[in-house]
Structures are given as structure tokens and as C-alpha cells.
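So the structure is just underneath, and the comments pick up after that.
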Amino acid sequence: MAGRMVVGSAALAGLVRPASAPDPAGGHRVLPVRPELTGLLPNRGLRRGSTIAVGGGQTRPSGTTSLLLALLAEASRAGSWCAVVGMPTFGAGAAAEAGIVLDRLALVPQPGPEWPTVVAALIDGVDVVVTAVPSTVSVSASVADRLAARARQRGSVLVPYGRWDGADVTLQVVRGIWQGLGPGRGRLRRREVTISARGRGAAARPREVKVWLPGDELTRVVPGPAAAARSGATRLRVVAGRG
Numbered sequence: 013m014a015g016r017m018v019v020g021s022a023a024l025a026g027l028v029r030p031a032s033a034p035d036p037a038g039g040h041r042v043l044p045v046r047p048e049l050t051g052l053l054p055n056r057g058l059r060r061g062s063t064i065a066v067g068g069g070q071t072r073p074s075g076t077t078s079l080l081l082a083l084l085a086e087a088s089r090a091g092s093w094c095a096v097v098g099m100p101t102f103g104a105g106a107a108a109e110a111g112i113v114l115d116r117l118a119l120v121p122q123p124g125p126e127w128p129t130v131v132a133a134l135i136d137g138v139d140v141v142v143t144a145v146p147s148t149v150s151v152s153a154s155v156a157d158r159l160a161a162r163a164r165q166r167g168s169v170l171v172p173y174g175r176w177d178g179a180d181v182t183l184q185v186v187r188g189i190w191q192g193l194g195p196g197r198g199r200l201r202r203r204e205v206t207i208s209a210r211g212r213g214a215a216a217r218p219r220e221v222k223v224w225l226p227g228d229e230l231t232r233v234v235p236g237p238a239a240a241a242r243s244g245a246t247r248l249r250v251v252a253g254r255g
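Numbering (the working numbering), first residue to last: 13 to 255.
Printed below as a string of C-alpha cells:
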């Protein structure tokens, strides 16, 4: 099974119509995210109409794509449609392993010079629209403002992947450590990453959490030493929080 590939305006229109059908998630104003990510978001989920940027710059550190997948997984499992625009190397297999339902995933790998038009059309009918911020297209403040305003009007969640001024919340992987290698042997199995959140309004106070990406089939909050001692490392908690 693979995500639905969208090529051409006719295919895009055909996608937006079925995606606009009644949402099994019930049209809730906040779409769910995994528990370990709730502390990074002011509404403890993806609020419809908001803009949640991931990455924060043109150079995206290791672990950012895994963060993006983890951010979408629960909303997709709850019945929401997701679209990914401008990421030709986006892997449907990795998305499925992260918990994203491929039957409700649309991929537009090469939107071309009409990138803003493609994103705007998807916002009209898709619950969560992820778009790589193109390096070859100048994203003016007016274009960014128009897309954000459209998301607010339509109740979609816009997720720019890269630098995006004016986002309600910006999530960024700021540190990462691989685990799994022993002295000269072993396999890389997971990363302990530190994710920062900053934004405006209710998200103006910076926050940080440490999580494993991936971890035991799901993203997990990294356990602190005290929690591990009490529960044999089976209970998990946030170990770092600024503010």
C-alpha cells in the first residue's frame, strides 16, 4: 500500500473533493498528537487553523523528518487526511511505520512553480498540509500570510517544513545522540533528540523535551534516572522542560 500520488490539477481536484467529506475525527478543533509531544503545543495537539512550522531553517538537522512523521501519526490514525507537498524523498514506508494511515495520505512530490496554488488547494480540503519550504521559490511574507489565513478560514493545519516566519509554533530538533553502537560493533537503532518549541501567544514561552525517535515502534519520551529506578525503566516522562 502506498500514499496517494497526486500529479496534475485534475488529480488534485479529485483528491480535495473526497478529502472534504465528513471527517471521522468529528471536526474537532484540536487534532491529537502523541502524548510525548503534547507539552510542546499550547493546545496539547494540532489546533485547526494554526500554522506549526517544523525545522526552523533551510538546514534541517538529523531527526527532523522523524519528528514530522511523529507529529502527523495520531491525527492520521484518528481519521484525518494528511498531504505532503514538495518532498520527493518522503518515504511512504517510513510513514506507515510511524503510524500514518496511507489510505489518507496524499503526496505531491513536485508541485512546480505553482507551489502556493497547490498548497492553497489542499488547504481547502485536507486536514493537515505539510509543505517543504522551497529553496528555489521566494516565499514572500504576503504569500505566507495568505496561506496561513486560508488555513485559519478552512480549519486546516498548515505545517511548513523549513523556515517560516510568523508560525504559531516552531518545532526544531536542537540536539541528537544516536544509540545502539557498542565498541566497534552494533547498529544505529534510535536517537535521543531534544526538541524545542517556540512561538507566539500561548506558545511564547520556550519549551524543550527529550524523546527517542524512533523508540520501540513508537516515539517515546526519554526516561529520567529517577523514573527508571522507580519502575525498572518502563515508565516514561519528560526529562527537560524550560518554563
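Ideal Cβ positions, reconstructed from N, Cα and C, are used throughout, including at glycine.
As the structure is a computational prediction, the values presented were derived from the model and not from experiment.
#1: Measure the Cβ-Cβ separation of Ala82 and Ala110 and say whether it is below 8 angstroms.
#2: Taking three-plus beta-carbon pairs below 8 angstroms as touching, is the segment 54-66 in contact with the segment 159-176?
#3: Taking a contact to mean a Cβ-Cβ separation below 8 angstroms, would you say Leu80 touches Val142 in this structure?
#4: To which residues does DSSP link Gly174 through a beta bridge?
#5: Are Ala156 and Trp176 touching if we call contact CB-CB under 8 angstroms?
#6: Looking only at C-alpha atoms, which of Ala90, Arg187, Val66 sits nearest to Lys222?
#7: Please classify Arg210: is it buried, with 16 or more other beta-carbons within 10 angstroms of its beta-carbon, or exposed?
#8: Using a 10 Å radius around the Cβ and a threshold of 16 neighbouring Cβ atoms, would you call Val182 buried or exposed?
#9: Could you check the C-alpha separation between Pro123 and Val145 for me, to the nearest Å?
#10: What three-state label does DSSP hand Leu53 in the structure shown?
#11: What is the rounded straight-line gap between the Cα of Pro47 and the Cα of Leu114?
#12: Are the beta-carbon atoms belonging to Leu134 and Val97 less than 8 angstroms from one another?
#13: Is the beta carbon of Leu159 closer than 8 angstroms to that of Val131?
#14: Applying the criterion that 16 or more other CB atoms from any shown protein chain within 10 Å of the CB defines a buried residue, is Gly174 buried or exposed?
A quick look at the data gives this:
#1: Taking 8 angstroms as the Cβ cut-off, Ala82 and Ala110 qualify as a contacting pair.
#2: A contact exists between the segment 54-66 and the segment 159-176.
#3: For Leu80 and Val142, yes; Cβs fall inside 8 angstroms.
#4: DSSP, once it has assigned bridges, lists Gly67 as partnering Gly174.
#5: Ala156 is a Cβ neighbour of Trp176, given a cutoff of 8 angstroms.
#6: Nearest Cα to Lys222 within the set Ala90, Arg187, Val66: Arg187.
#7: By the neighbour-count rule (16 or more Cβ atoms within 10 Å), Arg210 is buried.
#8: It is Thr, not Val, that sits at residue 182 in the sequence shown. With a threshold of 16 other beta carbon atoms within 10 Å, Thr182 meets it and is buried.
#9: Each residue's alpha carbon lies about 11 angstroms from the other.
#10: Three-state result, Leu53: coil.
#11: One Cα belongs to Pro47, the other to Leu114, and the distance between them is close to 22 angstroms.
#12: Yes, these two residues count as a Cβ contact at 8 angstroms.
#13: The answer is yes: Cβ separation under 8 angstroms.
#14: Label assigned to Gly174: buried.
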